[in-house]
Structure formats: C-alpha cells, structure tokens
Amino acid sequence: MAKPACASGCGAKVEGSPEDMAPEVWERVKDHPCYNSEAHHYFARMHVGVAPACNIQCHYCNRKYDCANESRPGVVSERLSPDQAVRKVMAVAAQVPQLSVVGIAGPGDALADPERTFATCERVAHVLPDVKLCLSTNGLALPDHVTRIVALGISHVTITINAIDPEIGAQIYPWISFAGRRFTGVEGATILRDRQLLGLDMLVAAGVLVKVNSVMIPGINDQHLKEVNAEVKRRGVFLHNIMPLISDPAHGTHYGLTGQRGPTPQELKALQDELSGGAALMRHCRQCRADAVGMLGSDQSAEFTLDRIPEGESEGLSPEDVVKRKVYREIVEAERADRRQAAEAADDMVAIAAPEEKMLVAVCTQGGGRINIHFGKATEFPVYEVDSRGVRLIGHRRPRTNYCKGGYGEDDALGEIITALEGVAAVLSVKIGNRPRKRLEEAGIKTAEYPQEYIETAVAAYFRDQTEAATEDGRLTA
Ligand code: CLF
Ligand code: SF4
-7 MAKPACASGC
3 GAKVEGSPED
13 MAPEVWERVK
23 DHPCYNSEAH
33 HYFARMHVGV
43 APACNIQCHY
53 CNRKYDCANE
63 SRPGVVSERL
73 SPDQAVRKVM
83 AVAAQVPQLS
93 VVGIAGPGDA
103 LADPERTFAT
113 CERVAHVLPD
123 VKLCLSTNGL
133 ALPDHVTRIV
143 ALGISHVTIT
153 INAIDPEIGA
163 QIYPWISFAG
173 RRFTGVEGAT
183 ILRDRQLLGL
193 DMLVAAGVLV
203 KVNSVMIPGI
213 NDQHLKEVNA
223 EVKRRGVFLH
233 NIMPLISDPA
243 HGTHYGLTGQ
253 RGPTPQELKA
263 LQDELSGGAA
273 LMRHCRQCRA
283 DAVGMLGSDQ
293 SAEFTLDRIP
303 EGESEGLSPE
313 DVVKRKVYRE
323 IVEAERADRR
333 QAAEAADDMV
343 AIAAPEEKML
353 VAVCTQGGGR
363 INIHFGKATE
373 FPVYEVDSRG
383 VRLIGHRRPR
393 TNYCKGGYGE
403 DDALGEIITA
413 LEGVAAVLSV
423 KIGNRPRKRL
433 EEAGIKTAEY
443 PQEYIETAVA
453 AYFRDQTEAA
463 TEDGRLTA
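Here our numbering is used: the first residue of the sequence shown is -7, the next is one more, and so on.
Written out as structure tokens, the structure reads:
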C-alpha cells in the first residue's frame, strides 16, 4: 500500500524511509535522531552547554534556566568551557556507541557569544569526525555567522520562529538587543523576524538542513502558526517542530506568573493535523535539556557530569571504541531493513478497517522501535494514531514519574499517568500488573502485552483485533 512521502517520517511504511528523499539528504538525516523519526529509535544526541549568553528576552524564559526555545523549561544545565565540552564529548562517544550528533542548544543562545560555540564545534569535528554538528538559535545573530557555520561543517541548524507577524511577535518578545541597542515592542519583533528569515534563506541557499522550532502559545500565536508553517515551507525548511509552551509559576517567567497556559495534547494534535500538507512536522521532540545526553527519551546526562570525566587532553577515540561505533551502525542497518518489512506488513493488517475507524494507542519502549519495557518502568508514552491508512507517531505523553518504584507501585503516579493518557484507547507494554491494569481499564484505557514486538506491528495487530471484535459484536447483536 503506497503512502505519501514525509520528510520527518510520520507513517508506518514511510517512517524516515530512504525512498522518500534524495539519496544525499538521506545520508545527512539517517542517523540524526531529531531530523529523522526512524533514527530516534537507534541514535543518540548530546548537547554541550557552552553558550550561556542571550541577546533577546522571551516571555517564557527568565534566564535562571536553560533556553526554552530548544529545551525543557525549568532545567539548569552544567555550563562548560569549550575544553570541558570536548572532554565530555569524547567520554560519551567512548561509552555510548549510539552517539551520532553533538548539538549546542544553550543554556542561552548558541550565537549570542559565537566564539565559544565555534571553538567547540571546530575541536569536536577534529577529534570525532563521525558525528554531525547541530546548533539551535533564536536567529537574531544568525545572518552574521552563516559563512562560518558552513565552513565548520555544521550541517543542521534550528531557528526558533514563533511569529512572522511582528504584532504577534511583540506579545512574545518584550525586547531584543541588536547593534548595541535595545529594541522593544513591534520594532524589536520586526528586526528579529527579518533577521530570522534572512538567516533561514542564507542557510537554505548554502545547503544546510534547517529545522524551525515554534513554541505554541494558546491565544497568542496558536492560529498564527499556520502562517508560520506555510512561510517556512515556502522558504525550504526541512522540518517544523511545534513545541507546546510549558508554563509553570514556579519557573518565574512572565507567562508563568501571568497565568498564560500551554496547549493540551489534544490542541497540539489538532493544530498539527490542520498543518498536514504544509512544512513537514517533527512529532517526536522531547524538549530536552541544554546538556542532554543519550537517546531522546532517556537522558543520561547525570552519568556524564564533569566530576565523572577524566582530566586531560583527548586526541581521539581508541581503536576499540572506533570499531564499536562502526559495528553498532552495521547492526542498525540490518535492524532497520527488518523493521521496514514489518511496517509494510502492519500496513496490510489495518487496510481492511473502515475509513472512519481510528484510535490512539500508547506504547512502552526504551528504543529500538520495539515494545520492550514493562508498564511500570515507562517514564513517557509515545502515542500512535492508527487507521486504515497506517500507523503514525503523533507525539509523546509524559507524566512526571513512572508507576513502579523499586518493587511497588505508586497510586498517585498512576493517577497522573491516567490523566496524561487522556484520549488514548490502549497502552501496549511488555507486561503490566493487575492493579494498574484494573485502574486503567476503569478509566477507559485498555491494556495489552506485546513483548519485543515492533511498535507498528503491535499497534496494527491490536487495532485489527479490536476492529474485528467490534464487527463481530455488531453482528451478534444485530
Ligand atoms: Fe539538539 Fe536540537 Fe540538534 Fe536535536 S535536540 S540541537 S535538533 S541535536 Fe531534538 Fe531535543 Fe527536540 Fe531539540 S528532541 S529539543 S528537536
Ligand atoms: Fe531564554 Fe532562549 Fe529566549 Fe534567550 S532565546 S530569552 S535563552 S528562551
């Protein structure tokens, strides 16, 4: 069954398939966990927090925490010098063969003090040539640095664009600092918008893959993001990542203190659904930390704090570590081929459903594209939409904590998990205990066990079985 092409990879058969893009683009995204949805099952990124300064003010940031344009609000990451950053990258690369991307996403703006960012990129490229370099910026300083970005081989750049209408931008950015002056209101928002779009055009013309992040702020830019999506598509961005505003009074931001709420998962999905046909959407973002390490859903940053990393210069990986990284990539290639076959079979399983039948199914996974953890261990739940057209990842639900705490279950956590899973028809896991199963079912969420099964195959099989059972029930009662 043929599926539409999608740059980010959002369906079962098409999830990041090489046939959906030019071979040279595939080579650049196939191991980038943010730019390719399939890759996020197999590859890890790490951020190095070498960029503390910022040149604008966003209403969802108070600068005590990391840049919220690319990371989870309310988190304070470890500030590093370029030397410390390189030591840390080498330590992670030696222990995490999945590492494929080194990114700079704060804790401030990567280009507000560009020398620290560029010195880090230059040295990482020298000691670890098999990783891709990635950075994230608010875009104000971007046009001044495109030449250097290209020269350093930084192949992936994210620009946060929340508005192209400066009247709306002025409600998000109280001020910007540009050319030695502070600009406020519509004037500041206009300068920022113009610099962002100029930088975007320059990067696209230079062949850099550009992702645009937008923070969805209900009542302010939520409807306007349709215009943003159309505009960035017209200008050639590779992906558009719409992130929900996370607003908490405890973070002390303007929005947090004035009661500005973030969108519900349902509102985010409704907007994303309206944008189908526009710029390709990223739906697997985890709003990670500015010092995040590891696979997107499982942050290992606590294992690689500076005090755990040996002192001294690093000139490169040992031959054994180089081999380990190469072998890992070969294993991934074989696994990917197998998974694509399974996804095609999954498409055939769902094709018989009536067009109006669809459901949301959450899964418990720790990577590899499989259902491979117990319900009690899951700290986040990827959610897939399934209908007769296939199985598509639509986002993640993240309660504050998992259910199982070293041998016993937490009833409060279960309540939060049930709230987070609102609208989900079923949860698929390796195993689930009787108590959580009963509570979930009382809340209208079914459960099923599919140990080690590929996610698409399990979701499709569950959907097919439920659809057939409902048809059978209908026949019996008719
Ligand atoms: Fe980091 Fe961002 Fe590069 Fe990825 S994160 S700089 S593009 S390597 Fe990825 Fe994290 Fe979402 Fe960012 S999941 S917050 S999109
Ligand atoms: Fe904060 Fe990032 Fe906005 Fe700067 S660009 S104010 S660090 S959210």
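For glycine and all other residues, C-beta sits at the position ideal for the given N, C-alpha and C.
Since this is a predicted model, take the numbers as computed values, not measurements.
(request) In angstroms with no decimal places, state the Cα-to-Cα distance between THR150 and GLY161. (result) Per the coordinates, the alpha-carbon of THR150 lies some 18 Å from the alpha-carbon of GLY161.
**Asked** Just to check, is the beta-carbon of CYS113 closer than 6 Å to a non-hydrogen atom of the ligand CLF?
**Response** no
Consult DSSP for MET235 and reduce its assignment to one of helix, strand or coil. strand
Only counting the same chain, and skipping five residues up and downstream in sequence, which positions put a Cβ closer than 6 Å to that of LEU288? Annotation for LEU288: PRO25, HIS32, ARG278 place their beta carbon closer than 6 Å to its own, counting only its chain and skipping 5 residues before and after.
- Alpha carbon of ARG115 to alpha carbon of LYS316, nearest angstrom: 22 Å
ILE164 classed as buried or exposed, judged by whether at least 16 other C-beta atoms fall within 10 angstroms: Buried: at least 16 other Cβ atoms inside 10 Å.
- Expected contact under 8 Å - CB spacing of GLN87 and ALA36 to nearest Å: Not confirmed; about 11 Å, so no contact.
- Assign LYS318 to buried or exposed, taking buried as 16 or more other Cβ atoms, counted over all protein chains shown, within 10 Å of its Cβ. exposed
Query raised in the report: Sorry if obvious, but does the Cβ on SER471 come closer than 6 Å to a heavy atom of the ligand CLF?
Result: Outside the shown range of the chain, which is -7 to 470, sits residue 471, and nothing can be said about it.
Taking C-beta to C-beta, are PHE367 and PRO428 nearer than 7 Å?
In terms of Cβ geometry, PHE367 and PRO428 form a close pair [threshold 7 Å].
Could you tell me whether the Cβ atoms of VAL416 and LEU352 are closer together than 7 Å?
yes
Three-state secondary structure assigned by DSSP to ALA43: If DSSP states are grouped into helix, strand and coil, ALA43 belongs with the strands.
query = Does the separation of the CB atoms of VAL472 and VAL84 fall below 7 Å?
reply = Nothing about residue 472 can be reported from this structure: the residues present for the chain run from -7 to 470 only.
Q) The alpha helix (DSSP H) with CYS113 in it runs from where to where? A) Counting along the chain, the alpha helix (DSSP H) containing CYS113 begins and ends at 106 to 119.
Could you tell me the alpha carbon to alpha carbon distance between PRO99 and GLN215, rounded to whole angstroms?
29 Å
Handout entry: Under the three-state DSSP convention, the category GLY382 falls into
Key = strand
Next on the checklist: For ASN61 and ASN130, which I take to be in contact (beta-carbon distance under 8 Å), what is that distance rounded to the nearest angstrom?
Outcome noted: 6 Å
message: Buried or exposed for HIS118, going by 16 or more other Cβ atoms inside 10 Å?
response: exposed
Q. On the premise that PRO257 lies in contact with GLY248, defined as a C-beta separation below 8 Å, what is that separation, rounded to the nearest angstrom?
A. That pair is no contact at about 20 Å.
- prompt: DSSP puts ALA548 in a beta bridge; with which residues?
  reply: Examination of residue 548 is not possible in this model, given that the chain is present from -7 through 470 alone.
Original post:
Is HIS276 near LEU385, with beta carbons less than 7 Å apart?
Top reply: yes
Any non-hydrogen atom of the ligand SF4 within 6 Å of CYS50 CB:
yes
| field | Cα-Cα separation, PHE175 to LEU190 | value | 19 Å
### Contact set for LEU217: own chain, Cβ-Cβ below 7 Å, skip 5 residues either direction
SER206, MET208, ILE234, LEU263
| said: HIS246 and HIS51 - do their beta-carbons sit closer together than 7 Å? | reply: yes
### Query
Below 7 Å between beta carbons: does that hold for ALA335 and CYS356?
no
* To do: Give the C-beta separation of VAL451 and VAL383 to the nearest angstrom, bearing in mind that I take them to be a contact with Cβ-Cβ under 8 Å.
  => Confirmed, Cβ separation roughly 5 Å.
Exercise for the section: Output yes or no for whether 7 Å exceeds the beta carbon distance between LEU309 and GLN76. Expected result: no
### Query
Ordered along the chain, which non-local residues of its own chain (more than five positions away) have a Cβ less than 7 Å from that of LEU132?
ASN47, ILE48, ILE168, PHE170, LEU184, ARG187
Q) Roughly how many whole angstroms lie between the Cα atoms of GLY490 and GLU349? A) Here the chain covers residues -7 to 470 and nothing more, so residue 490 does not appear.
Practice task
Can you give me the Cβ contacts of GLU266 inside the same chain, cut-off strictly under 7 Å, excluding the 5 residues immediately before and after it?
Solution key: Around GLU266, the same chain offers LYS218 as residues with beta carbons nearer than 7 Å, after the five sequence neighbours per side are excluded.
Check: Any heavy atom of the ligand CLF closer than 6 Å to the CB of TYR37?
Finding: For the sequence presented, residue 37 should be read as Arg rather than Tyr. Indeed, a heavy atom of the ligand CLF lies less than 6 Å from the Cβ.
Buried/exposed call for GLU460, threshold 16 Cβ in 10 Å
By the neighbour-count rule (16 or more Cβ atoms within 10 Å), GLU460 is not buried but exposed.
| Is CYS277 near the ligand SF4, judged by its Cβ being under 6 Å from some heavy atom? | no
Backbone secondary structure at MET(-7) - three-state DSSP
Here the model assigns MET(-7) a pLDDT of 32, short of 50, so the residue's position is not dependable and the matter cannot be decided.
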